[in-house]
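These notes concern the structure reproduced below.
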Amino acid sequence: MAQETMSFQAEVKQLLHLMIHSLYSNKEIFLRELISNASDAADKLRFEAIANSALYENDPNLRIRVGFDKEARTITIDDNGIGMSHDEAVSNLGTIARSGTKEFFGKLSGDQQKDAALIGQFGVGFYSGFIVADKITVESRRAGLSAAEGVRWTSAGEGEFAVETIERAQRGTTITLHLREGEEELLSAWKIKSIIQKYSDHVGLPIEMKKEEWDAEKSEMVTKDEYETINQASALWTRSKSEISDEQYQQFYQHLAHDHQNPLAWTHNRVEGRSEYTQLLYVPSHAPFDLWNRDHKSGLKLYVKRVFIMDDAEQLLPNYLRFVKGVVDSSDLPLNVSREILQESRDVKAIRDGVTKRVLSMLEEMAGAVTDAEASEEDKAKYTTFWTEFGQVLKEGIGEDHANRERVAKLARFASTHNDTNEQTVSLADYVARMKPEQTKIYYVTADTWQAAKNSPHLEVFRKKGVEVLLLTDRVDEWMLSFLNEFDGKPLASVARGDLDLGALNDEEKQQQEKVSEELKPLVEHMKEALKDKAKDVRLTFRLTDSPSCLVADEGDMSGYLQRMLKAAGQQAPQMQPILEVNPEHPLVKALRTDSADFGDWCNLLFDQALLAEGGALEDPASFVKRTNALLMGRAG
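Last residue of the sequence shown: 637 (full-length UniProt numbering), numbering continuous.
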């Protein structure tokens, strides 16, 4: 076939421009990315060969070879993995197939160190070769195709690439980088070996280079025709923990997660019993940009007897732990296991349960370090970092994981009136330990923002009595609370729902409150009539000390906050009228006269003010302004 010239996808052109202008601050990462791709190609061949062993052809020993040519100024990465057909080369090397490209470019900040981490995350590591090369040639043949069906792909990274069919006896892919001026330091065996041993030592198949020996006659190093393996060439998780340094664990995580930052924590152990498997699990130090994307692929890498089976095996983790990265290598599952089989397998359920418990134990250890006097400041800060990045996701476990609900609830952190900051550092156990002797409930308020929650009129009586209230402002909180009814035998109670009953906390004032309620009964009845189209009920409240009124949801009704949240998400929310509570001690309420002409306007004003105070939106803002102005003018007159 004659050579074809094609244009890159628009996003690739944009990416190449960034690459060529040195997006990476650490250029040598290009070799890590290309070796990682070669390793993936070997994994894919192993997987496809489970059903068709003929794909190995006459070359069953998988490996990666790296070489260089000083005269030609080239570096070559060669693998005998799955390879590519003509159409796959056009598709894989000419477009960014992974979703989220727009978000990827939006994340680029100009901070080279941070931007470098994004390349691998988006599956575009191949293009990192253009950081050091002004031309890249790829020759490949897919396993199972004839030698006449090889393909050559060539590009100078300037918006176009050329593709042609070639004769290629060897299965797999050879990538040749034609180096730019100024990249000469890469053309040495010592430099390439040091890069590979730094970033790719853990790759689970041999990375080979030609041997070099000192030639005394020539007084120089000469290259031999035999190859040597320059990495450990064994999967990290199969090695004993005593043989693996922290740095090696961190490097493996960076390879696995395409993340330049170190993880917060990891756990590595072999589980024996009815199900035998090895797990190496990591908690990242920051959330991926697409954590909340419903199409986001998450899960662990699954191996069976060290043979790669699939990426993103979501069946091995509950959804609320989707931030966890890692590997599970099973000794029991069949090599031809599919996603459908995973959903039904008892062995997979046992692995899932074991992985979940292990991750929760890791988080409990991190949380425990916060109050451990012997822990380092770095370790004490880890759980705060984790909660900031993944707390909202972990809260989902309270509703999703009944078996571990109590453990997850203990790990949850909240803002509260105990602290004057919006940091979520208060645990439910902390709250219970600070409860007043006569207090029987854990009180909370939900709001759109911490500021709105902190200034909610519903908190006034709690401040007066020195009772702590949790300030819940995450979108997941209302949903979570439908499953978290109590903690440590103490029921959770909203300060903005139902008729407030402070129990023994309010014993002294009860008689006086009952007397006032009886005296103002006629006023309340007239207010109910005036607001019958807006309020489900009107009643006196003693939860307010400074504000004239507030809205509460009736027991069993959906809160106004949840109704607003559903509406904002485009979902149908039942129209439930709130209850208006008025403060009998407030001057505005004391000044109300049922026989005055503007009584209805004052009632509506109290309702609308209460709606605004809780973050709601007025149905008719213009009427509110008109009514307020008229009442102000009447007062002024």
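All C-beta atoms in this analysis are idealised placements derived from N, C-alpha and C, irrespective of residue type, glycine included.
Query: Spatial distance of residue 32 from residue 425 (CA atoms); Result: 39 Å
Query: Buried versus exposed call for residue 274 [16 or more other C-beta atoms within 10 Å across all chains shown]; Result: exposed
Query: Where the beta strand (DSSP E) through residue 399 begins and ends; Result: Run containing residue 399: none in the beta strand (DSSP E); it sits in the alpha helix (DSSP H), 377–400.
Query: Separation of residue 272 from residue 329, as counted between CA atoms; Result: 12 Å
Query: Identified DSSP bridge partners for residue 664; Result: Outside the displayed range of the chain (1 to 637) lies residue 664, so it cannot be described from this structure.
Query: Start and end residues, beta strand (DSSP E) containing residue 228; Result: 220–229
Query: Residue 84 (DSSP reduced to helix, strand or coil); Result: coil
Query: Start-to-end residues for the alpha helix (DSSP H) that takes in residue 151; Result: Element bounds for residue 151: not the alpha helix (DSSP H) but the beta strand (DSSP E), 150–155.
Query: Coarse secondary structure for residue 131, derived from DSSP in three states; Result: helix
Query: Inter-residue spacing [alpha-carbon to alpha-carbon] between residue 22 and residue 177; Result: No answer about residue 22 holds up, because its pLDDT of 48 lies below 50 and its placement is not dependable.
Query: Other residues of its chain near residue 154: CB distance less than 6 Å, five sequence neighbours each side excluded; Result: 137 and 162
Query: Buried or exposed by the 16-neighbour rule on C-beta atoms within 10 Å, applied to residue 133; Result: buried
Query: Buried versus exposed, by CB contacts within 10 Å (16 or more), residue 522; Result: exposed
Query: C-alpha gap between residue 632 and residue 524, whole angstroms; Result: 23 Å
Query: Sequence-distant residues of its chain with Cβ nearer than 7 Å to residue 517 (five each side left out); Result: 540
Query: Cβ neighbours of residue 254 in the same chain (closer than 7 Å, five flanking residues each side left out); Result: 260
Query: C-alpha gap between residue 14 and residue 472, whole angstroms; Result: 42 Å
Query: As assigned by DSSP and simplified to three states, the class of residue 493; Result: strand
Query: Backbone CA spacing between residue 121 and residue 258 [nearest angstrom]; Result: Legend: pLDDT at residue 121 = 46, less than 50; position of this residue unreliable, value from coordinates given subsequently. Distance between the alpha carbons of residue 121 and residue 258 is about 5 Å.
Query: Start and end residues, alpha helix (DSSP H) containing residue 366; Result: 346–369
Query: Best match in 450, 363 and 135 for proximity to residue 420 [C-alpha to C-alpha]; Result: 450
Query: Rounded separation between residue 639 and residue 41 - CA only; Result: In this structure the chain extends from 1 to 637, so residue 639 is not present and cannot be described.
Query: The alpha helix (DSSP H) enclosing residue 46, as first and last residue numbers; Result: 29–51
Query: Alpha-carbon spacing of residue 465 relative to residue 333, whole angstroms; Result: 60 Å
Query: Own chain partners of residue 262 with C-beta closer than 8 Å, once the 5 adjacent residues on each side are dropped; Result: 250, 253, 254 and 285
Query: Buried versus exposed, by CB contacts within 10 Å (16 or more), residue 173; Result: buried
Query: Residues that residue 409 bridges to, as DSSP identifies them; Result: Per DSSP, none; premise fails for residue 409.
Query: Other residues of its chain near residue 321: CB distance less than 6 Å, five sequence neighbours each side excluded; Result: 359
Query: contact_flag[the segment 408–418, the segment 455–470] where n(CB pairs < 8 Å) is 3 or more; Result: yes
Query: Selected residue, minimal CA-CA separation from residue 129, among 35, 65, 362 and 318; Result: 35
Query: Proximity of residue 554 and residue 574 at Cβ, strictly below 9 Å; Result: no
Query: Range of the contiguous alpha helix (DSSP H) that encloses residue 178; Result: Run containing residue 178: none in the alpha helix (DSSP H); it sits in the beta strand (DSSP E), 172–179.
Query: Collapsed DSSP secondary structure at residue 628 in the structure displayed; Result: helix
Query: The segment 37–57 in contact with the segment 308–315 per 3-pair CB rule at 8 Å; Result: yes
Query: DSSP three-state assignment for residue 214, whether helix, strand or coil; Result: strand
Query: Bridge partners - residue 552, DSSP secondary structure assignment; Result: 579
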